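**Student:**
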Amino acid sequence: MFDQIKRYYENYDEERRLFRDKTHLPEYLTTIRYFDRVFKPNRSILDACAGTGRYSFYLAKKGHTVTSCDLVDHNTNLIKSKPEADMLADIVVCNVLNLSQFESDNFDVVLCMGAMYHLPSDKEKIQAISECTRVCKPGGLVVLSYLNYFAVVAANLNVGLKNIDAVLEEFKSDSHGLWKATTPEKMEQYAKESKLEILHNLGADGISFVLADKVNAATDDDFDKWMEYIYKNCEVASTVGYSMHGLLIGRKK
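Note that the working numbering numbers the sequence shown so that position 114 is 140, with each residue one more than the last.
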């Protein structure tokens, strides 16, 4: 599984993903909006699935002390190559299932922004969340991103639903594919089993992916209005499951 993940990200432009178009941008904008709302100043933060460091650098520029780590060597090397790399406290390779290089109760905030997209079993998801919780200080925050099953199915169906069997199978947790989707309810269950108090569980991008052609064609002014609509409704329970990317923020008890 991990070799498959590494091969994928070694050949994927993760650096530009969040800014590729107006369909992808809401995930980033909503996420940093919540970071700014819920993170106190000058926090010590572990970005445990940092990718190419988009959130790591954003938070470092906000004055936080950020340790950036990722499973994929290609990603950590890219982070190290950036001119602003010195802003980060450390850049290391890590596996979120085993964060033994970090002491318990060490960080004010721990981000797990990607592992849930790929870990296949309930056991592994809970293990990853529990490790993030372990290295977080009591009263600190753990932030989890995840893919919603309902949204990825809807966004990947073709005209006439001719690929429906393949799509329904591809994103199941027990499939052999790279991507694993879940539900807001399951994520809350995982968080509670990992001793987290749930503060927010939201849809980061609304139904932007289902409406991709319409959203990408929007003027900047109309896109701003779309974002205000997402911000206003992202925690409405009936809408969270149809957002491609979910975001759960919990407090360590």
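Positions of the beta carbon are idealized from the N, C-alpha and C atoms, including for glycine. Everything numeric in this text was worked out from a predicted model, so none of it was measured.
1. What runs of the beta strand (DSSP E), each 3 residues or longer, lie entirely inside the segment 108-172?
2. By the 10 Å Cβ neighbour count, where 16 or more other Cβ atoms means buried, how is residue 128 classified, buried or exposed?
3. Can you tell me whether residue 187 is buried or exposed? The criterion is at least 16 other CB atoms within 10 Å of its CB, across all chains shown.
4. Checking 9 Å against the spacing of the C-beta atoms, do residue 268 and residue 224 come in under that value?
5. Express the C-alpha separation of residue 212 and residue 228 in angstroms, rounding to a whole number.
6. What did DSSP end up calling residue 274 once you bin it into helix, strand or coil?
7. Please name the residue in 144, 235 and 80 whose C-alpha comes closest to that of residue 29.
8. Leaving aside the five residues before and after residue 132 along the sequence, list all residues of the same chain whose C-beta is less than 6 Å from its C-beta, in chain order.
9. With distances taken from CA atoms, which of 34, 66, 39 and 231 is nearest residue 134?
10. Looking only at C-alpha atoms, which of 117, 226 and 182 sits nearest to residue 63?
11. Quick check on DSSP: helix, strand or coil for residue 50?
12. Taking 9 Å as the cut-off, decide whether the C-beta atoms of residue 108 and residue 140 are in contact.
13. Along the alpha helix (DSSP H) that carries residue 242, what are the first and last residues, could you check?
**Tutor:** Short version:
1. 116-119 and 133-138
2. buried
3. exposed
4. no
5. 13 Å
6. strand
7. 144
8. 161
9. 66
10. 226
11. coil
12. no
13. 238-242
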